[in-house]
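See below for the structure under consideration.
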Amino acid sequence: MWDTLPDAARSIVKELIIHGPQSRTALAKTLHLSTGSLTRLTKPLVDAGLLVERDVVHDPVNGRPTRPLDVAAAEHRFLGLKLTADRIHAVITGLRAEVIAAKDEPIDDHDPEAVCRQARRLLDELTGAPVVGAGVTIGGNGRAATQVGGELLVDAPYLGWHQVELRPLMERALGVPCAVTNDVAALAHQHHWFGPGRGLRDFALVTIGAGIGYALIQHDHLVAAAEADLGMFGHLVLDPGGPPCPEGHRGCPTAYLASRSVEMAAGLALRREVGYDEVMRLAASGERSCRTLVRESGRALGRLIALVATISLVKTVILAGEGVELARVAKDDLDAALTEHRRGLPGSVEVVIEDDDFREWARGGAVVAIQSFVTGSD
Ligand SMILES: [Zn+2]
Numbered sequence: 008m009w010d011t012l013p014d015a016a017r018s019i020v021k022e023l024i025i026h027g028p029q030s031r032t033a034l035a036k037t038l039h040l041s042t043g044s045l046t047r048l049t050k051p052l053v054d055a056g057l058l059v060e061r062d063v064v065h066d067p068v069n070g071r072p073t074r075p076l077d078v079a080a081a082e083h084r085f086l087g088l089k090l091t092a093d094r095i096h097a098v099i100t101g102l103r104a105e106v107i108a109a110k111d112e113p114i115d116d117h118d119p120e121a122v123c124r125q126a127r128r129l130l131d132e133l134t135g136a137p138v139v140g141a142g143v144t145i146g147g148n149g150r151a152a153t154q155v156g157g158e159l160l161v162d163a164p165y166l167g168w169h170q171v172e173l174r175p176l177m178e179r180a181l182g183v184p185c186a187v188t189n190d191v192a193a194l195a196h197q198h199h200w201f202g203p204g205r206g207l208r209d210f211a212l213v214t215i216g217a218g219i220g221y222a223l224i225q226h227d228h229l230v231a232a233a234e235a236d237l238g239m240f241g242h243l244v245l246d247p248g249g250p251p252c253p254e255g256h257r258g259c260p261t262a263y264l265a266s267r268s269v270e271m272a273a274g275l276a277l278r279r280e281v282g283y284d285e286v287m288r289l290a291a292s293g294e295r296s297c298r299t300l301v302r303e304s305g306r307a308l309g310r311l312i313a314l315v316a317t318i319s320l321v322k323t324v325i326l327a328g329e330g331v332e333l334a335r336v337a338k339d340d341l342d343a344a345l346t347e348h349r350r351g352l353p354g355s356v357e358v359v360i361e362d363d364d365f366r367e368w369a370r371g372g373a374v375v376a377i378q379s380f381v382t383g384s385d
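When we follow the working numbering, the leftmost residue of the sequence shown carries the number 8, and every step to the right adds one.
What follows is the structure, given as structure tokens:
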């Protein structure tokens, strides 16, 4: 039934997932449908158990008692996976990307088929109930998944993978449809439907962590980009007199913000090995060399956000990723640099700093699976 569903019915499901339960009259108004068409379109979805009727309330449109429609969110489960160089992160979510169960563990064996078997084992451990679909996200430093002849071939050098046809392998192992996506793109989709980007037609996402990621939502759609182009974002020169990055040029976001760059610069100053989280703690507590370093990185981030907003014309920039604590510790410097590079106009860009929960990356995979289910696209 789901495969042959008309687009109007898909729009109803999407509206209910993103904006919550609504009366039939409110839904009809939002989607420019007659109440007759709405009833005709929703009946098979209610019969199939995808939509449910909630308890009687008074309709905000006409004041009559009504039973709002909602999606049966918890009854439809999705698997989200994120693969890093050494770990596999898995979450089970409902139809609104609410996390029902989560687990991460080391990757036993980097062979693609072995990783798919491990994903299947995690799925069976996390839920006894069947899942509707799955989504895998892969990324880190703008690395690659390329579309060739219709099938997505995954290049993931950190896993030792070159041109792996991951989707069919994963679908065989899991027994459900599986989407394979760049991790930053998946996170942008997640924020668009379920995060601070909900209801926004345009926003940018910048992720800070092992690498620097970028995604742009414009007119309600993710701007498609080649991996190679996305990889350039982390090496856009912000200050030619800035610190060096591993690729040998100076003052790029990678040099200022990537976890390893921050750790190395702090290590030189402190004359010992130091982890990223400790650098942030030391900077927050006022230790001089870490504080100076993190403040400089915060100013670079402010300048980067100003560039993103000015060129793409978005009014909201969301910051996420496991290194996002830097934006909180150096918030004053970030704001000052952002204002300075926006012609001195304070508050011209809203900066939203997200939690640095690593599960969010796997949740992005589940969101892509939910979106393919709802919109009927791959
Ligand atoms: Zn660079």
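Glycine is no exception: its CB is placed at the ideal position from the N, C-alpha and C atoms. Owing to the predicted nature of the structure, the values given are computational and were not obtained by experimental measurement.
Thr323 sits in a strand when the DSSP states are folded into three classes.
In this structure, His96 has its beta carbon at no less than 7 Å from each heavy atom of ligand 1. With the criterion CB distance below 7 Å from any heavy atom of ligand 1, the matching residues run Gly241, His242, Cys252, Glu254, His256, Cys259, Thr261 and Ala262 along the chain. Rounded to whole angstroms, the gap between the alpha carbons of Leu237 and Asp62 is 47 Å.
A straight-line Cα-Cα distance of about 12 Å links Gly220 and Leu243. Restricting attention to Asp246, Asp118 and Leu88, the CA atom closest to the CA of Ala108 is found in Leu88. Buried is the label assigned to Glu367, since at least 16 other Cβ atoms lie within 10 Å of its Cβ. Distance from the CA atom of Val301 to the CA atom of Glu332, rounded to whole angstroms, is 10 Å. The residues Gly204, Leu212 and Ile325, in chain order, have a CB closer than 7 Å to that of His198 in the same chain once the five nearest residues on each side in sequence are set aside. Residue range Ser266 to Leu277 is occupied by the alpha helix (DSSP H) that includes Ala272. Taking the CA atoms as reference points, Leu314 sits about 15 Å from Ser304.
Checking the DSSP bridge columns, you'll see Asp54 has no partner listed. Going by C-alpha positions, Asp162 is about 43 Å away from His39.
DSSP, reduced to helix, strand and coil, places Pro72 within a strand of the structure shown. Where Phe201 is concerned, the enclosing alpha helix (DSSP H) starts and stops at Asp190 to Phe201. Within the stretch 226-266, the complete alpha helix (DSSP H) segments at least 4 residues long are 234-240 and 260-264, listed from N- to C-terminus. If you compare the alpha carbons of Thr188, Gly241 and Gly167 with that of Thr214, the shortest gap goes to Gly241. Its chain contains Gly146, Leu212, Thr214, Gly220, Tyr221, Ala222 and Leu237 as the residues whose beta carbon lies nearer than 8 Å to that of Val191, once the 5 sequence neighbours on both sides are disregarded; these appear in chain order.
Per the C-alpha coordinates, the member of Pro250, Leu160, Leu311 and Gly282 positioned closest to Glu234 is Leu160. Cβ-Cβ distances below 7 Å link Arg127 to Ala180 and Leu181 in the same chain, with the five nearest sequence neighbours on each side left out; the list follows chain order. Residue state for Gly142 is assigned as strand, using DSSP reduced to three classes. Taking each of Arg103, Leu194 and Val68 in turn and checking the Cα distance to Ala80, the smallest one comes out for Arg103. Here the alpha carbon of Gln125 sits roughly 35 Å from the alpha carbon of Asp227.
At the C-beta level, Arg310 and Leu245 come within 8 Å of one another. Residue environment analysis places Gln170 among the exposed positions, since fewer than 16 neighbouring C-beta atoms fall within 10 angstroms of its C-beta.
Contact between the stretch 13-32 and the stretch 67-79 is present: 3 or more CB-CB pairs across the two stretches fall below 8 Å.
For the pair Ile24 and Glu82, the Cα-to-Cα distance works out to about 13 Å.
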